[in-house]
Structure formats: C-alpha cells, structure tokens
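Colleague: Just so you know, the sequences run in chain order A and B.
Residue numbers for the first sequence, in this note's numbering: 1 to 162.
Residue numbers for the second sequence, in this note's numbering: 1001 to 1165.
Below you'll find the structure I mean.
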Amino acid sequence: MSSETITSALFMIAAVTSASILIATILPVIFGMSQTFGAVSDKQDSRLRTDLSIINTFARSSDKTGQIWIKNTGSTRISASEIAGTSVFFGKSDDFEMLIYSGALAAGTWTNESVGEKWDPGETLAINVQSSAGKVWSGGNEMYVSFALPNGVRRSEKFDAV
Amino acid sequence: MAGATLIATVFAVILLIIAGYVLVAGVLKVNEVVVAAQKDITDREVKLIHTSIRINSTSYEGGIFTVTIENSGNEPINNLTYLDLYLYDSSTQPKLYTYLQDLSTTDHWSRGDLYYLDKSGIVKFLTGNHVEEGMYLNMSVRTGTSPTNVKVVTENGIAASKRLI
C-alpha cells in the first residue's frame, strides 16, 4: 500500500513537471505566432491601403534637375519619416541611379516640398531630383523615375527630358 | 497513476485549446483585415472608374487665367483642396497651383463660378464646394503670362489637359 502511494506520488510529480515544462516551452511559441499574425495583417493592411500616382514629371538637361509630382491616391496617410525613407531612382532610362534623400538639393540627391507631418490622401507631393555629376543626359532623352515607399509600394514613369 | 494520467491529459487538452484558439484567431484576424483592405481598394477603383473631368474652356484676361472644367463623370468632386491645377509656360516646366480662395497670391488657384446648364441651356449658379455630375467650375489663377498648356488633376489622380497654343 505504501509503495503504491509513493509510486503514484512520483508519477504525479513527473506529470506536473512535464506539463509545466511543456507549457513553458510551447506558450511563448504560441504568443510569438500570435504577434506574427498581427504584424503580418498590419503590413498587408498598410500595403493594400497605400497607393500613389505620378501626376506630372519634368527634367531639365541644363542643370540635370527634375521635378516630380506624386499624388497619394490611397486611403492611408504617409508620415514624413516614411517619405524620407523612400527610395528614389532617377536618370536616363538606360542609366539611372538611386538618389540620396537630402534637406537641400545637390548632385545625386532628392528633396521633397513639405506636406506637413503627414501626406494625406488626395494631397500632392512635389519632389526635386538632381543627377550625379558623372551622369550624362540631354534634351530629348528618355528619362526614368521610380518612387518606392518603405512598405514596397512603388510607382515609376518614363518621360522625355528638355 | 490514474491521477497523473488525468493531470497530463488535462494539461494537454488545455494546451491544444490555447494553440487552436491562437491559430484560428490569428488566421481570422488576418483574413478580416485583408478583406477590409480589399473592400477599400474596390471602393477606390469604383470611384476612379466613375471619375472624369473635361476642360471646357480657358481664358486669359488682365493677368488672370481662368479654366472651366466640367464634371463629366458620375462621381462628385468633393474636395477642392486637392484639385490640382498645373500650368505650363514657354519653358515647358509645369507649375502646380493648389486651391486657396485668394486671387492675390500667385501660387494658388481660386474658385470662381460653380454652375450647371438646365434643359433650356440657361446657366444656373450654385453655391457650395461640391462639383456634382454635369456641373461646371471656374478655376482662376493670377499669372504673368498666358500659359501654353493646362492640366487639372482630381484628388484621386484623374487628369484632363489641354494645349492652348
């Protein structure tokens, strides 16, 4: 009788310990999965609600500058930090480069005209671009511009330089 | 022995329920968010398809350039703030004019008459800031020279342009 009780007690301790270890191991994984689901749905939501249209383009060969007007045609507001984190590619359609975001326009950089803290749906963002010194293009050349937000939403356009 | 088995079973069932709940809730949440976003995309695209504008006429007088646009679509233009006007001069560089009800500035366009033509062709003037289907809107801007090209863009990116020379 006594040995049976001890055996039962040992089995009980083993079962509780095993169950605790199992819970301690599996619960963080389950919570991790839950957070992943949340992050995935937030990203998908942001991407699907973001949309842009390049409305107007202009590139002048004399000073290798250009101006691009882009409208937020999505339903989400885009923050100033997201604008600053945008990748802009500009140049001749067969020899373009990635420009660096800058506060003041210089060779190899791009700037934007302020839209306040947020770029609202329907609002137009004007960006100024300037090719690097080593890039050569002239009036009549086919130019390429691409504007890619940090969430991967991208719009590009080809147009003629003057 | 029986007690240990029972405890282990209860824990296993609880774990299964938690794991199942998290998985199903996660999948349902992602699904719900994506469906809502896709509905939003569909709404935007329907509006895009139904939006259309036409440049009806232009004039330049006394340093004021006026363009009359017609809402030729089925969607009202509700937000004049984001109705953009681009004018091109001889250097072909476009200049963007945004809406501001002040004709003394040179960087903004001002709202002129808003009207429609009744069945007899008589002009009926309206107030308000909504350009409904079939209505006309005069957009005026102070500019030093007569532009060579004009382009008007709605808030959802639908454009109409006209070469003036």
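All residues carry an ideal CB built from backbone N, CA and C; glycine is no exception.
Please check if any C-beta of chain B sits within less than 7 Å of the C-beta of GLY140/A.
Modeller: It does not: the Cβ of GLY140/A has no partner Cβ on chain B nearer than 7 Å.
Colleague: Helix, strand or coil, according to DSSP, for GLU1032/B in the structure here?
Modeller: Correct three-state label for GLU1032/B: helix.
Colleague: For a contact defined as C-beta to C-beta under 7 Å, what are the partners of ALA15/A on chain B?
Modeller: Those are ALA1004, ILE1007 and ALA1008, listed as they occur along chain B.
Colleague: Got a sec: is the Cβ-Cβ distance from GLU1132/B to anything in chain A below 7 Å?
Modeller: No - not a single Cβ of chain A is within 7 Å of the one on GLU1132/B.
Colleague: Please compile the residues from chain B whose C-beta is within a distance smaller than 8 Å of the C-beta of GLN44/A.
Modeller: Per Cβ cutoff of 8 Å: VAL1030, VAL1033, VAL1034 and ALA1037.
Colleague: Just how far apart, CA to CA, sit PHE11/A and ALA19/A?
Modeller: Roughly 12 Å between the two C-alpha positions.
Colleague: Just to confirm, is the Cβ distance from THR1051/B to ILE1158/B under 7 Å?
Modeller: Yes; because the gap between Cβ atoms is below 7 Å, this pair is in contact.
Colleague: Measuring straight from C-alpha to C-alpha, what distance separates GLY32/A and SER146/A?
Modeller: Looking at the two C-alpha atoms, the distance is approximately 36 Å.
Colleague: Anything in the segment 94-124 of chain A with a Cβ closer than 7 Å to a Cβ of chain B? List those residues in chain order, please.
Modeller: Listed in sequence order: GLY122, GLU123 and THR124.
Colleague: Would you grab the beta carbon distance between LEU1100/B and PRO1094/B for me? Rounded to a whole angstrom, and I think it's under 8 Å.
Modeller: Wrong, their Cβ atoms sit about 18 Å apart, outside the cutoff.
Colleague: Let me see if you follow: with CB-CB separation under 7 Å, is GLY1026/B close to chain A or not?
Modeller: Output row for GLY1026/B: interface = yes.
Colleague: Which residues of chain A have a Cβ atom closer than 7 Å to the Cβ of GLU1155/B, listed in chain order?
Modeller: Those are GLY122, listed as they occur along chain A.
Colleague: Could you check the C-alpha separation between VAL1030/B and ASP42/A for me, to the nearest Å?
Modeller: For VAL1030/B and ASP42/A, the distance between alpha carbons rounds to 8 Å.
Colleague: Can we say the segment 1138-1147 of chain B touches the segment 1061-1077 of chain B, given the rule of at least three CB pairs closer than 8 Å?
Modeller: Because the criterion of three Cβ pairs below 8 Å is met, the segment 1138-1147 of chain B and the segment 1061-1077 of chain B touch.
Colleague: Our contact map puts TYR1136/B next to GLU1070/B with C-beta atoms below 8 Å; I'd like the distance itself, whole angstroms only.
Modeller: About 5 Å; that satisfies the 8 Å criterion.
Colleague: Measure from the alpha carbon of VAL1033/B to the alpha carbon of each residue in PRO28/A, LEU22/A, VAL29/A and ALA39/A, then state which is nearest.
Modeller: When only C-alpha atoms are compared, the closest one is ALA39/A.
Colleague: Which residue comes first and which comes last in the alpha helix (DSSP H) that contains PRO28/A?
Modeller: Residues 2-49.
Colleague: Looking only at DSSP bridge pairs, what is ASP95/A linked to?
Modeller: ASP95/A pairs with LYS92/A.
Colleague: Please give the ranges of any beta strand (DSSP E) in the segment 1032-1083 of chain B, keeping only runs that are unbroken, at least 3 residues long and fully inside the region.
Modeller: Qualifying beta strand (DSSP E) stretches, in chain order: 1053-1061 and 1064-1071.
Colleague: Is it buried or exposed for GLY122/A, if we count other Cβ within 10 angstroms and need 16 for buried?
Modeller: Buried is the call here.
Colleague: Closest by CA to LEU125/A, which one among LEU22/A, ALA84/A and ILE26/A?
Modeller: LEU125/A has its Cα closest to that of ALA84/A, out of LEU22/A, ALA84/A and ILE26/A.
Colleague: Checking the sheet assignment: what are the DSSP bridge partners for ASP160/A?
Modeller: Answer is GLU142/A.
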